[in-house]
Each structure stands twice: as structure tokens, then as C-alpha cells.
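Peer 1: Provided herewith is a single structure, encoded as C-alpha cells, for subsequent inquiry.
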Amino acid sequence: VVFMFIFLWVRATFPRYRYDQIMRLGWKVFVPITIFWVLVAAVISVFGLVTRGS
1 VVFMFIFLWV RATFPRYRYD QIMRLGWKVF VPITIFWVLV AAVISVFGLV TRGS
């Protein structure tokens, strides 16, 4: 019952996205964020800014 309530609440609260809107969001937002995050991870890995283990 709780799951059904949460599911219906989220579905009624947020707008429904069309397929083209989701694709635009992916290409214009998520892909650049992912590329940036991969570059940050590469810099951290190359320069050893994080120590692993104890």
C-alpha cells in the first residue's frame, strides 16, 4: 500500500516527459556531466590525489 501511494504521488507530482525531451536531457545535460566526471576521475587517478586503503 505504501509503495502504491508513493508511486502514484510521484507520478502525479512530476510532469510526464516525452521521448524527445528525455533524449534532449540526456544529450545536453547527462553526457557533458559524464564526460566532465570522467576527466575529473582521470586527473585524480593520474596525480594520485586520493590515497587508497590504510
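To convert, note that position 10 of the sequence shown is 10 in our numbering; the numbers rise steadily by one, no gaps. Think of the CB as a built atom: it goes at the ideal place given N, C-alpha and C, for glycine as much as any other residue. Everything numeric in this text was worked out from a predicted model, so none of it was measured.
(1) Does the distance from the CB of Ile44 to the CB of Val38 come in under 7 angstroms?
(2) Compute the Euclidean distance between the alpha carbons of Ala12 and Gln21, then round it to the nearest angstrom.
(3) Give the secondary structure of Phe36 by DSSP, where H, G and I count as helix, E and B as strand, and everything else as coil.
(4) In the structure shown, what three-state DSSP assignment does Gly26 receive?
Peer 2: A quick look at the data gives this:
(1) Taking the first residue of the sequence shown as 1, we reach residue 44 at position 44. Taking the first residue of the sequence shown as 1, we reach residue 38 at position 38. Their beta carbons are not under 7 angstroms apart, which means Ile44 does not touch Val38 by this criterion.
(2) Counted from its first residue, the sequence shown places residue 12 at position 12. Counted from its first residue, the sequence shown places residue 21 at position 21. One C-alpha to the other measures close to 18 angstroms.
(3) Here residue 36 refers to the residue found at position 36 when the sequence shown is read from its first residue. DSSP places Phe36 in helix when its eight states are reduced to three.
(4) Position 26 of the sequence shown, counting from 1, holds the residue named residue 26. In the structure shown, Gly26 sits in a helix (DSSP, three-state: H, G or I).
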